[in-house]
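Below you'll find the structure, written out as structure tokens, and then a few comments.
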Amino acid sequence: MTSRNRLRFGEFTLDLDARQLFKQGTEIHVSPKAFELLLLLVQDRPRAISKADLQTRLWPEAFVTEASLFGLIREIRLVLGEDPRHPRFIRTLHGFGYAFATSDEAAGAGRPAPSAHATCWIVADSQIRLAEGVNILGRDSDATVWFDRPGVSRRHARIVVDGAEAAIEDLGSTNGTWVRDERITAATPLRDRDVIRLGPVAVTFRIRRAAASTEALV
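Going by my numbering, the sequence shown opens with residue 74, and the numbers climb by one from there.
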């Protein structure tokens, strides 16, 4: 199973041509729509995908509720044999969506593991440290970086911190997200001291990179 049309994660393999899921060479039944969802999550790893985005991509010409999406997530977890309380593969971002949590090596991406990590934060009226993974910026009460300002959407943008890198993406905000004086239309890598503008609000992104330790953790 070394074809470029196969994706591996852990003991599982997705055959993109045959649209089949295998566990250690044995086919496991999964519904067509659940297969599509699993493929979306694996191909977009490690980026988190919002529920709205997943619903649009899975059902482009139909309106469905979140219950339909949740049912597919539950089917995938059952097939993969994982406990949602301690997920191995499908990570839930409460109030936002889902992400594929396995490493690139396990998913067959062929990239080396990160050799460095970074500490990232947003400087506004105060300094807000960003977490590894998805950080939401906006007026939503659950936002990582919260703004109580007119012109900022509830879920305005997100910053994804991945090892020693970070990127920002607009979430369909009304007044747009700007980086280095340019309005962004796709995920944009961030550099230290970049000025980010969320509508009328300007903040500064800071990042400090450090080489990963080679000492074993015990």
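In this text, a Cβ means the ideal position worked out from N, Cα and C, and glycines have one as well.
Give me the DSSP bridge partner(s) of residue i.
{"i": "residue 230", "result": "210 and 243"}
{"i": "residue 222", "result": "Note: residue 222 sits in no beta bridge, so no partner."}
{"i": "residue 170", "result": "123 and 166"}
{"i": "residue 85", "result": "82 and 96"}
{"i": "residue 156", "result": "159"}
{"i": "residue 195", "result": "201 and 278"}
{"i": "residue 256", "result": "251"}
{"i": "residue 268", "result": "277"}
{"i": "residue 262", "result": "240"}
{"i": "residue 101", "result": "94"}
{"i": "residue 235", "result": "238"}
For the putative contact between residue i and residue j, defined by C-beta atoms under 8 Å, what is the C-beta separation to the nearest angstrom?
{"i": "residue 142", "j": "residue 124", "result": "6 Å"}
{"i": "residue 249", "j": "residue 243", "result": "7 Å"}
{"i": "residue 127", "j": "residue 170", "result": "6 Å"}
{"i": "residue 282", "j": "residue 216", "result": "Contact flag wrong, Cβ pair sits at about 25 Å."}
{"i": "residue 230", "j": "residue 246", "result": "7 Å"}
{"i": "residue 266", "j": "residue 258", "result": "Contact flag wrong, Cβ pair sits at about 22 Å."}
{"i": "residue 262", "j": "residue 238", "result": "7 Å"}
Does the distance from the CB of residue i to the CB of residue j come in under 7 Å?
{"i": "residue 203", "j": "residue 232", "result": "yes"}
{"i": "residue 112", "j": "residue 173", "result": "no"}
{"i": "residue 280", "j": "residue 193", "result": "yes"}
{"i": "residue 196", "j": "residue 212", "result": "no"}
{"i": "residue 166", "j": "residue 240", "result": "no"}
{"i": "residue 228", "j": "residue 209", "result": "yes"}
{"i": "residue 268", "j": "residue 260", "result": "no"}
{"i": "residue 131", "j": "residue 148", "result": "no"}
{"i": "residue 78", "j": "residue 87", "result": "no"}
{"i": "residue 152", "j": "residue 103", "result": "yes"}
{"i": "residue 205", "j": "residue 234", "result": "yes"}
Can you confirm whether the stretch 81-88 touches the stretch 146-162 when touching is taken to mean that 3 or more C-beta pairs between the two stretches lie within less than 8 Å? yes
Does the count of Cβ pairs from the stretch 194-203 and the stretch 87-104 closer than 8 Å reach three? no
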